[in-house]
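Asker: Protein chains in written order, with my numbering: chain A, 1 to 224; chain B, 1001 to 1297.
Pasting in a structure now, in structure tokens, and then I'll have a few things to ask.
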Amino acid sequence: MTTDRFTSQLSEYLDAGLPVDERQSLEAHLASCDRCRETLDELRAVVTRAKNLQDSAPVNDLWRGIHARIASGSITGRVSPFRRAITRRLSFTIPQVAAAGLALMILSGGLVWMARSGDPRADVPAIRAQEEPAVVPANFADKHYDAAIAELEQTLDAGRKSLDPETIRVLEENLAAIDRAIDQCRLALATDPANVYLNTHLADARQRKLLLLRRAAALATKGT
Amino acid sequence: MTVALLSTLLTQAPAPAPQSRPPQTDQTVPAARGTRLVIDNHAGEVVVHGWEKDALRVQVRHNTRVKINVRTNAGTINVDSDSSGHTSSIDYDISAPSWMPIKIEGQYNYVGIDGIQGDISVETVRGDVVLKDVGSAIAKTIEGEVQVDGARGKLTLSSVNDNIKVTGARGELIAETTNGDLTLARMESSGAEVTTVNGDVTYEGTLADRGHYSFTNHNGDIELTVQDTANATFNVRTYNGEFSASLPVKGPDPSQVRKGRRVAYTLGNGSAEVELESFGGDIKLRRAGAGRTRRDQ
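This is the structure in structure tokens:
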């Protein structure tokens, strides 16, 4: 729910249209949310591409033909009540363009898939093992993530005295368990870097560590 | 505050025997419809029973130097204590209207709630949370088990270092722990998102058509037991484990489930979407009522 709220603000953020408090709140969220940062980067890329588009002259000049037909009287004047609507300028926001593009991709992909395999729900054919789509290996050197982790660890450390040592021990053990899971993932990725499952699993584990640290830091802060 | 000392005292103190001595505080206040209850207890036991009266009865066993406050203010009844600097265990036994929303917060609490249909929110650091015959609930603990037996609404359950057990839940379920098992039985949930790092995940129950279910872990097995009349698409991934199914699913040979490769199997018309993912554990689909093989055990 929170991520959705932030996602809807990204376009305004790019246009520098957010109030200061909302901008600061969003920037704090971006520091720890991979998904929102990726969406923001995608929006930036769309904007950059749009800015680089150049006006080009039409390949064929149609005016001569139109003028000739009018002059010959083959076209009579006609008032159309919809003319204004038709000639209205159409404009779309960046999220609308992005959403339309995404919808087109899903639609065309779905049509291709259905054309190739038919509707699986209709006669329940045996499903083949799916080929994984191309994947960009996870970025292990994410400075935003590392900064967020470091900050939370500092907060936890500062509030250590306010927590029961047993609770600290349990939290540290569980953080270590998540770290082991992350290490195992990375080890596996070293030999299989394009594996979709490993990349998503690693991202999930990192997110889980962040959430547990946040909870621990909140406890420590509450206790001081 | 000497948390460590308190923790030691709590650990070493004998378990309270609530029925052996009368409560030091016994207070009943009217509760108009829509009123919510907020309980703040640092350490001890909070037990709430639902009843059919529009009134709240608060019975408390506590140190004589502790004063219990029951205050009604703007649609909320707040229950807390004034201990004048003394930290001691306080045990609440509360009877509340079954419709009443309840929020309980504290550090070292055992929390038990029975027969409350209003929204429940419980947060503790050390201690179990046990809910029975409830509506919707959020329950969070770090060092403690979460148990739910009978729930009609949405459940959001979280532990860090212990197990989560749910039986007879009908609503949506979100359950997460880091180091513990997730055991879900007699489930009729419309959807579920269940995850642990180190622990087994077991689900036994129905899968709703068009429902979405996700069961994931890092180490530990995942076992799903459903009727063979269910309609579901199982998306299976395990990196180091194996996949087996005693359900009549349609799909490729189980040997194709390897190294995190996503393989789909269908049962019936495949309506429900079920994600099953484990890094190091086996994934098993079992038919309800079928006996366990030696390998399953």
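Every residue gets a Cβ at the ideal spot worked out from N, C-alpha and C, and that includes glycine.
As the structure is a prediction and not an experimental result, all values here were calculated from the model.
1) What does the Cβ neighbour count give for A/R208, buried or exposed, with the cut at 16 atoms within 10 Å?
2) Across which residues does DSSP place B/W1051 in a beta bridge pair?
3) Identify the continuous alpha helix (DSSP H) that holds A/D179 and give its terminal residues.
4) Confirm, please, whether the CB-CB distance from B/S1159 to B/G1171 is below 8 Å.
5) For B/P1097, count the other beta carbons within 10 Å of its own beta carbon; 16 or more makes it buried, fewer makes it exposed. Which is it?
6) Assess, as a yes-or-no matter, whether the region 175-193 of chain A is touched by the region 1018-1032 of chain B under the definition of 3 or more beta carbon pairs within less than 8 Å.
7) Helix, strand or coil: which one does DSSP assign to A/L212?
8) Please confirm whether B/N1041 has its beta-carbon closer than 8 Å to some beta-carbon of chain C.
9) With C-beta atoms as the reference, is B/T1238 less than 8 Å away from B/D1282?
10) To the nearest angstrom, how far is it from the Cα of A/A203 to the Cα of B/T1216?
11) Which of the residues in the region 1159-1181 of chain B, read from start to end, lie with their CB under 7 Å from any CB of chain A?
12) Can you check whether the CB of A/A220 is closer than 8 Å to the CB of A/L156?
13) Thinking just about the alpha-carbon of each residue, which of B/T1233, B/Q1059, B/I1120, B/R1057 is nearest to the one in B/L1247?
14) Looking at chain A, is there any beta carbon in it that lies within less than 8 Å of the beta carbon of B/I1142?
15) Looking at the structure shown, is B/N1041 part of a helix, part of a strand, or coil, going by DSSP?
16) Look at the alpha carbon of B/I1113 and the alpha carbon of B/G1180, and state the distance between them as a whole number of angstroms.
17) So, under 8 Å CB-CB, B/I1138 and B/T1156 are touching, yes? Tell me the CB distance rounded to an integer number of Å.
18) Return no unless some Cβ of chain B is closer than 8 Å to the Cβ of A/L219.
19) With 8 Å as the threshold, decide whether the Cβ of B/R1295 is near any Cβ in chain A.
20) Roughly how many angstroms separate the alpha carbons of A/P125 and B/A1264, rounded to a whole number?
21) With a CB to CB cut of under 6 Å and the five nearest residues on each side skipped, what residues in its chain are close to A/E12?
22) Taking only beta-carbon positions, decide if A/D192 is within less than 8 Å of chain B.
23) According to the neighbour-count rule (16 or more other Cβ atoms, all chains shown, within 10 Å of its Cβ), is B/Q1147 buried or exposed?
24) Using the rule of at least 16 other Cβ atoms within 10 Å of the residue's Cβ for burial, across every protein chain shown, is B/S1255 buried or exposed?
25) Go through its chain and collect everything with a Cβ distance to B/Y1092's Cβ below 6 Å, but skip five positions before and after it.
26) Residues of chain B with CB under 8 Å from A/Q184, in chain order?
27) Keeping to the same chain, check which residues put their C-beta closer than 7 Å to that of A/R44; ignore five residues upstream and five downstream.
28) Which partner residues does B/R1071 have in the DSSP bridge list?
29) Would a check of beta-carbon distances place A/S117 closer than 8 Å to chain B?
30) Starting from the Cα of A/E173, find the closest Cα among B/M1100, B/G1260, B/D1162, B/G1251 and give me that residue.
31) Does B/P1254 come out as helix, strand or coil in the three-state DSSP assignment?
32) Using a Cβ cut-off of 8 Å (strictly closer), state whether A/Q207 contacts chain B.
33) For a cutoff of 8 Å on Cβ pairs, would you count B/N1198 as touching chain A?
34) Counting only beta-carbon separations shorter than 8 Å, does A/A177 have a partner in chain B?
35) Could you tell me whether the Cβ atoms of B/A1288 and B/E1204 are closer together than 8 Å?
36) Look at the alpha carbon of B/M1100 and the alpha carbon of B/A1032, and state the distance between them as a whole number of angstroms.
Answerer: So, to answer that:
1) buried
2) B/P1097
3) 165-191
4) no
5) buried
6) no
7) helix
8) As a matter of chain content, chain C is missing from the structure shown, whose protein chains are A and B.
9) yes
10) 14 Å
11) V1160, N1161, T1178, N1179
12) yes
13) B/T1233
14) yes
15) coil
16) 22 Å
17) 5 Å
18) yes
19) Because the pLDDT of B/R1295 is 48, which lies under 50, any placement of that residue in the model is unreliable, and the number read from its coordinates should be weighed accordingly. Closer than 8 Å: no.
20) Low local confidence applies: a pLDDT of 44 at A/P125 is under 50, so the model's placement there is unreliable, and no value is given.
21) L18
22) yes
23) buried
24) exposed
25) V1046, V1060
26) H1218, F1279, G1280
27) L14
28) B/N1078
29) Its pLDDT being 45, under 50, A/S117 is placed unreliably in this model, and the coordinates cannot settle the point.
30) B/D1162
31) helix
32) no
33) yes
34) yes
35) yes
36) 10 Å
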